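**Q** Residue numbers (the numbering used here): 16 to 1035.
For each residue, glycine too, the CB sits at the ideal point set by N, CA and C.
Quick caveat: nothing in here was measured; it's all calculated off a predicted structure.
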Amino acid sequence: MATTTASQILHHTTAFLSETLSQPHDHRHHLLSTLRREAPSSNKTTTIKPLNLAVENLENAISTTNPSIRSSSLRLAQKVLLSYPDSLLSSLLLSLIYTLNNRPTNASISLLNIFHLDPSLARSQIAPVLFEELFLVHLLPVLRWFNEQRSRILSSLTLDWGYDSDENSIGDVSIVVPCTKLLSKMSGDQALELKELESIYEEVIDENCKVFAKYFKEVVTNGDENRMITPPSVILKELRKVDKSEVSDEISKMEELGLMNGRYNPMWTEGERSVDFLSFSGASKSKYSSPSYPQRVSPETIKNISCRRSTAFPTSLNSDSEPELSLEDNMASSGASSSCCSESEAEIEENNRKMALFEPTQSETQKQKQATVADFSSLQAEQTERIAAVGILLKCMLEDGKCRNTVADKAELAPVLDSFMSASDGERFEIVQFLYELVKLNRRTFNEQILHIIKDEGEFCSMHIFLSYLQVTLPDQSPVVAGLLLQLDLLVEPRKMSIYREEAIESLISSLRNSEFPAAQIAAAETIVSLQGRFTVSGKSLTRAFLLKQAGHGKIYKNLMRMEQLGKLSGEIEENLEEEKAAEEWERKMAFALVSYEFGLLFEALAEGMRSRCAELRSACFVSATWLVHMLGILPDTGIRAAARVCFLKLLIEIFTSSKDIEHKVLSLVALNSFIKDPEGLHDLTSSMKDIKKDLRELRKSSSLAVEILKVLSAGHDSSIAELWTHNELVQVDCSGNGEVLSITFYNDKIFSGHSDGTIKVWTGKGSILHLIQEIREHTKAVTSLAVLQPGEKLYSGSLDRTARVWSIGNESLTCVQVHDMKDQVHNLVVANGICCFIPQGAGVKVHSWNGGSKLLNPNKYVKCLSLVHGKLYCGCQDSSIQEIDLTTGTLATIQHGSRKLLGKTNPIHALQVQNGLIYSASSPFDGAAVKIWNASNYGLVGSLPSILEVRSMAISSDLIYVGCKAGTVEIWDRKKQQNRVEILQTGTNDKVLCMALNANEDVLVIGTSTGQIQAWGLS
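#1: DSSP beta-bridge partners for A802?
#2: Based on Cα-Cα distance, which residue from S525, R549 and K555 lies nearest to E414?
#3: Closest to F941 by CA distance: which of I524, Y484, N922 and G979 is it?
#4: Leaving out five residues before and five after L687 in sequence, what residues of the same chain have Cβ atoms less than 6 Å from its Cβ?
#5: May I have the straight-line CA-CA distance separating N873 from L902, to the nearest angstrom?
#6: How is the beta strand (DSSP E) around H742 delimited, first residue to last?
#7: Buried or exposed: A122, going by 16 or more other Cβ atoms within 10 Å of its Cβ?
#8: Helix, strand or coil for E217, going by three-state DSSP, please let me know.
#9: Compare the C-alpha of K229 against each of L132, Q140, I215 and E147 and name the closest.
#10: Mind listing, in chain order, the continuous beta strand (DSSP E) runs of no fewer than 3 residues lying wholly within the region 673 to 737?
#11: Compute the beta-carbon to beta-carbon distance between R459 and A598, rounded to the nearest angstrom, for a pair I have assumed lies under 8 Å.
#12: Can you round the beta-carbon distance between A560 and F618 to whole angstroms, since I take them to be within the 8 Å contact cut?
#13: At a cut of 8 Å, does the region 83 to 102 reach the region 136 to 154 through at least three beta carbon pairs?
#14: Figure out for me which residue from V821, G849, A847 and G813 has the closest Cα to the Cα of P855.
#15: Hey, E986 and S968: beta-carbon distance below 8 Å or not?
#16: Looking at the C-beta of P156, does it have a partner C-beta in chain B at a distance below 8 Å?
#17: Among the candidates A539, M512 and A622, whose CA atom is the shortest distance from the CA of A608?
#18: In terms of alpha-carbon separation, which member of I791, Q833, T799 and M412 lies closest to K809?
#19: Please confirm whether H842 and A819 have their CB atoms less than 8 Å apart.
#20: In three-state DSSP terms, what is M1048?
#21: Going by beta carbon distance, what residues of the same chain come within less than 7 Å of H467, once the five residues before and after it are set aside?
#22: Using the Cβ count rule (16 or more neighbours within 10 Å means buried), how would you classify P143?
#23: Tell me whether A484 sits in a helix, a strand or coil according to DSSP, three-state version.
#24: With distances taken between CB atoms, is the gap from G955 to E755 smaller than 8 Å?
#25: Which word fits M436, buried or exposed, when buried means at least 16 other C-beta atoms lie within 10 angstroms of its C-beta?
#26: For P156 and Q23, what's the separation of their Cα atoms in angstroms?
#27: Out of S972, H912, A908 and V685, state which residue places its alpha-carbon closest to the alpha-carbon of Q928.
#28: Should F690 and K680 be called a contact, given that it needs their Cβ atoms to be closer than 8 Å?
#29: What is the DSSP secondary structure of H925, counted as helix, strand or coil?
#30: In chain order, what are the residue ranges of uninterrupted alpha helix (DSSP H) at least 4 long that sit wholly in the region 885 to 963?
#31: Does the beta-carbon of C880 have 16 or more other beta-carbons within 10 angstroms, so that it is buried, or is it exposed?
#32: Whose C-alpha, out of V638, P806 and D1018, is nearest the C-alpha of L745?
#33: Taking only the alpha-carbon atoms, compute the straight-line gap between I1022 and S87 and give it to the nearest angstrom.
#34: Suppose contacts are defined by Cβ-Cβ distances below 8 Å. Is A802 in contact with T774 by that definition?
#35: Exposed or buried, what is R549 when buried is set at 16 or more other beta-carbons lying within 10 Å of its beta-carbon?
#36: If you draw a straight line from the C-alpha of N875 to the C-alpha of D894, how long is it?
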């Protein structure tokens, strides 16, 4: 029996869960709706509300970019779901939550729990691919046994069909006889036996799923370390004898159904219906069908499954051999199993193809795909067979897009093109759609090769017959025909005049404006999106994801490409410079052809679509417009930008300023960027400049393009700087009973404050901000400093009681885990891996190892503040001097020399911050500048803030400098333009602002004062 390691299980389960998370919301909604329907009706009313709450929090965590919101949403959802451990829905949700929390083991166990609770649903609708990859290797004995039973039932039919029954005959009649013809010769007994066999097959598969789900959970829990876990034995079930009365009843049912010829098919009727349902004229969205047991299995297939998956099962199913196999292959001895792994690559590829027919979890459409791909010669057969093959391959590509490469590699297109003229209208469109889908490969060079084949092969001029067909095709079919014709025309360098190009683009525009046929409008918009020419392995358009990547919002693109890579073979060629060059060249040619037609006539149609009430049409037109406007910034300017600006500018501004969807904002920003490069476009933005700048500032965390555009729009507009940065007071808390607030810091969604009576308080950092969570007093004297060392989830506190404490902050409550005797009062504690630095009661700076040793540095200076960055310690001193100490070498450099006392007063450095290669020092405005800025490399003075107040504390964001002053004032300065004071915040008292901190998003500022007040402001 084959064993499965924990790493193998985690690989498969993590791949499934990662793909589920990377899919759009609709995909997860479909899975969750399926699980809701299967929930017991008895407890639906009591569980639906809490489970819906968990779903909302999970989706919120997936969509948000704020780490604190993500963490709290996941924690709340997990807390709700743990109350319903045996629910199918909660198991799937927990597996997704654990995946987002980087807990693959827990995620795997929760996912496997679905297979244990409802194996049939799990393998057919929730995770059929996972069932294939993880469970099926253990079920080969089941498949082999049921194959033997089926052959036994059908063995009596061989004589009726004229096949010899000697030892050289082929036992499995279904290999050479179509299923419908075979069933017409069955007796009622045989039909019912087959029906009973199918029922038992489903039961046995479900029972084994439960057993192996439990086994996999044990393996994952064990983690390949503690003990060896033996795989369980496979469960089989005996086939009962069919009662004669059942035969009579079944025949009566046949007669009632009108099947007087007795051709009742209990096993394949369902499958045949599903194939009809998935025909081209339908619009089926069905995902998977329940696995049916294999209909034709050769021993060679089983042998190669065993070799490929390292499973040593005997290959003695001689009765089920395929006709093309030799007698020696069928009667292979045990020695064949030892040599099967050394077969030639061609044989292995052929056997893998046959093995694909053996997989029982595939949908009926996929089975037809594999059977047809295995026999591409049907494309060269008679007219009817050619069209049938095209239809099946088209369904295969629509069902499983990854088969495109196989179809493109094997199919002969000349016979298909020759069949076009004599085909019916429906068959003609099926051929066109087949060719249109075939050129959605993930490599541009391959697509162009196939387009050349379509253009050049066949007895007739394909472009001419497609043009003629475009004139008479149905409205909802014309966009696909036009899209294929336009691609064929652009294989050569675009000419000034081309009847093919003009007719194709005119057809797309007409379809976009044809409000009587919404399906035609949507098809036209989606066709334009796909003409950009970039696709995933499964044939999905990458236009939207690629545009987001261009704006520096590439998470969607990376996730999509990462998930696509999971389905690739290791030998496939990765993207290279040649492919990218070909893709860029195609994109330029296509965009130029579209935008230059009738001086941007397409823009008007897309703008109308962007105003549509149909969300699907509106979205596709928006992406198309964004792509074409983006390309206007790359293509030579022929005056078309003005036409695009008239059609799109107001719409894009409206989307950017009003949409709540981050991706919509980023996409509109990509298009607006092309207009901003044009002086006239920049002028047209003037009336909306204030709103645009506000949204740009909020978007800069999500898109690097937002930062670049904000710089462009702010250049030369100093008067509008203050409008960009406004702060609103959120809350004020009085902690005067605990003395001064000496230190304050943020960590994720919590705020920690240290007080002069030795108290440390924990507050909420979001939502209802500054809501007290915990208050703890283990220091006996003032807590002078608090520091968080990333990413260890530890808080360090320094106190005048001569101790430093280490606190665990990963759990809900603050817990002291270590106490260090520092043998001196601790001021301004800073920490790094393995060491800490602090200011003692006297002169110098102490460097303390957490192992116990310490030494005194800079003993000739009385230090007031510290900053530790990349192994370098910066000291701000009582005499206004600033030193840099390299802790690795012990060397000391002076950045600013000290000054003598003036009229008996000193000018100490109260605060130091080091960011992005700059040193910010804060003191009194002795020489007209309270804050000075130094270059950390050459120690040169590069700037200053002309504040006239004494600065006691300081915090720096990406754009602003916050300084806490002596008179209860917080001044806010523009970091880029240091002479611009943006805003002044008042505490309402005349006390000193002793400490301040910003949250990770830099949109919340908290301060602590000498009178024990804590205040918070929000950036709006």
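**A** Result, derived from the coordinates:
#1: According to DSSP, A802 bridges with Y811.
#2: With distances taken between Cα atoms, E414 lies closest to K555.
#3: Taking the Cα of F941 as reference, the smallest distance to any Cα among I524, Y484, N922 and G979 is reached at N922.
#4: Answer for L687: L667, listed in chain order.
#5: N873 and L902 have their C-alpha atoms some 12 Å from each other.
#6: That run of the beta strand (DSSP E) goes H742 to D749.
#7: By the 10 Å Cβ count, A122 comes out buried.
#8: The three-state reading of DSSP puts E217 in helix, counting H, G and I together.
#9: Of L132, Q140, I215 and E147, the residue nearest in Cα terms is L132.
#10: Uninterrupted beta strand (DSSP E) stretches at least 3 residues long and entirely within the region 673 to 737 do not occur.
#11: About 4 Å separates the two Cβ atoms, so the contact holds.
#12: With a Cβ gap of about 23 Å, A560 and F618 do not count as contacting.
#13: Below 8 Å, too few C-beta pairs join the region 83 to 102 and the region 136 to 154 to call them touching: fewer than three.
#14: When each option's Cα is compared against that of P855, the closest is G813.
#15: Their beta carbons are not under 8 Å apart, which means E986 does not touch S968 by this criterion.
#16: Note that chain B does not occur in the displayed structure, where there is just one protein chain.
#17: Measuring C-alpha to C-alpha distances from A608 to each of A539, M512 and A622 identifies M512 as the nearest.
#18: Nearest of I791, Q833, T799 and M412 to K809, Cα basis: Q833.
#19: No, the Cβ-Cβ distance between H842 and A819 is not below 8 Å.
#20: Nothing can be reported for residue 1048, as the shown portion of the chain is limited to 16 through 1035.
#21: L506.
#22: Around the beta carbon of P143, a 10 Å sphere encloses 16 or more other beta carbons of the protein chains shown; the residue is thus reported as buried.
#23: It should be noted that the sequence gives Tyr, not Ala, for residue 484. For Y484, the three-state secondary structure derived from DSSP is helix.
#24: Using a Cβ distance threshold of 8 Å, G955 and E755 do not count as a contacting pair.
#25: By the C-beta density criterion, M436 is exposed, having fewer than 16 other C-beta atoms within 10 angstroms.
#26: For P156 and Q23, the distance between alpha carbons rounds to 21 Å.
#27: Of S972, H912, A908 and V685, the residue nearest in Cα terms is S972.
#28: No, the Cβ-Cβ distance between F690 and K680 is not below 8 Å.
#29: Three-state DSSP puts H925 in coil, outside helix and strand.
#30: Whole alpha helix (DSSP H) segments, 4+ residues: zero.
#31: It is buried - the Cβ of C880 has at least 16 other Cβ atoms within 10 Å.
#32: Nearest to L745 by alpha-carbon distance, out of V638, P806 and D1018, is D1018.
#33: Roughly 24 Å separates the two Cα atoms.
#34: Taking C-beta atoms as the reference points, A802 and T774 fail to come closer than 8 Å.
#35: It counts as buried.
#36: Each residue's Cα considered, the two are about 11 Å apart.
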